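Presented below is the structure to which this report refers.
Numbering (full-length UniProt numbering), first residue to last: 1 to 170.
Below, the structure is given as structure tokens:
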């Protein structure tokens with residue numbers, strides 16, 4: 001099993017320094033997955049020890065087929081926007097010196113800052129794989145990237161994934 005370590009924190013603190021087994025799947029390119037198998041209880045523990053006593057997820061990645069060369073290209077883009085914007089009271093202002101949150105009716109409506117804060121986000125996934133081989137050696141190579149711009153400022157994500165799998169039979 002792949003265990004992720006939480007970094008940049010003190011060991012045994014309340015906020016980190018612990019092992020995190022919940023993030024390993026996000027490092028796998030979905031286009032490289034051939035099969036997902038769920039192992040329960042004892043069968044998982046027999047293979048992976050006590051850390052898998054409650055079960056394990058086995059992911060088998062794609063392999064090349066002998067005598068066949070294959071190239072696959074995939075690209076998709078999704079758009080995101082907030083379904084509901086928060087509503088704020090914009091009719092009345094503050095009292096003198098801002099001591100109280102109620103005051104006179106405003107002469108003009110205040111700007112909708114929530115609408116200005118959010119933006120239309122998008123996520124783009126691109127991947128390419130090349131595989132081939134003969135009865136003695138098979139190779140599978142893939143590259144994928146993800147670029148995501150979230151619906152809030154400073155919520156961007158970039159990821160690059162490179163995978164290589166070479167099988168040799170002697």
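By construction, the Cβ of each residue, glycine as well, lies at the ideal position given by its N, Cα and C atoms. Please read all numbers here as calculations on a predicted model, not as lab measurements.
I believe residue 31 touches residue 148 by the beta-carbon criterion, under 8 Å. Please report the beta-carbon distance rounded to the nearest angstrom. Actually they are not in contact, since the Cβ atoms of residue 31 and residue 148 sit about 17 Å apart, beyond 8 Å.
Please specify which runs of the alpha helix (DSSP H), each continuous and at least 4 residues long, are wholly inside the stretch 73–156, giving them in chain order. 113–117
Coil, strand or helix - residue 69 by DSSP: coil
Quick one, which of 146, 56, 170 has its alpha-carbon nearest residue 42's? 56
Just how far apart, CA to CA, sit residue 173 and residue 140? With the chain covering only 1 through 170, there is no way to say anything about residue 173.
Roughly how many angstroms lie between the CA atoms of residue 125 and residue 29, to the nearest whole one? 10 Å
Helix, strand or coil for residue 64? Go by DSSP, reduced to three states. coil
Bridge partners for residue 173 per DSSP, in chain order? Past the boundaries of the shown model lies residue 173; the chain is included only from 1 to 170, so the question cannot be answered.
Using a Cβ-Cβ cutoff of less than 6 Å, which residues in the same chain neighbour residue 114 once the five nearest sequence positions on both sides are dropped? 85, 86
Residue range of the beta strand (DSSP E) that includes residue 34: 33–39
Expressed to the nearest angstrom, what Euclidean distance is found between the alpha-carbon atoms of residue 135 and residue 143? 25 Å
Residue environment, residue 133, which counts as buried when at least 16 other CB atoms sit within 10 Å: buried
Would you mind giving the Cβ-Cβ distance between residue 122 and residue 80, rounded to the nearest angstrom? I have them listed as a contact below 8 Å. 7 Å
Whole-Å CB distance - residue 90 paired with residue 105, under 8 Å assumed: Not confirmed; about 11 Å, so no contact.
How long is the line joining the alpha carbons of residue 54 and residue 40, rounded to whole angstroms? 7 Å
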